[in-house]
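One gets this note's numbering by counting positions in the sequence shown from 1 and adding 102 to each. Glycine included, C-beta positions come from ideal geometry on N, C-alpha and C.
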Amino acid sequence: MNADRAACASWALCTGWSARLVKKVGTLDLADTKWELEIDATTAPKEQVYGHNRLHVGRFSMPDNELMDRARTLLPTLAG
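So this is what it looks like as structure tokens:
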């Protein structure tokens, strides 16, 4: 395991955990919603971080199109 990937996995897990604890105003909290993740990669921190020993990255989606549209409005638009 590349040490940089392990460090990045730890940082992402910490950030995700923190986001669940301290919610930003204007976000959606959809704890009971069905969702799917098309996994592009999996990596692991050197040790368990906030109860997690693996990080998956990929494309997130929800079968409920209305909720997915609401979630998309929260994403920043890309200039280009």
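Asked                                                                                                         : Found
CA nearest to the CA of Ser163, picked from Ile141, Lys126, Trp113 and Gly128                                 : Ile141
Beta-carbon proximity check, Ala108 vs Ala146, cutoff 8 Å                                                     : yes
Residues that Arg107 bridges to, as DSSP identifies them                                                      : Answer is none; Arg107 lacks a bridge partner.
Range covered by the alpha helix (DSSP H) that runs through Asp171                                            : Asn167 to Arg174
Outcome for Ala111 when other beta-carbon atoms lying within 10 angstroms are tallied against a minimum of 16 : buried
When Tyr152, Lys126, Ala133 and Val159 are compared against Leu139, the one with the closest alpha-carbon     : Val159
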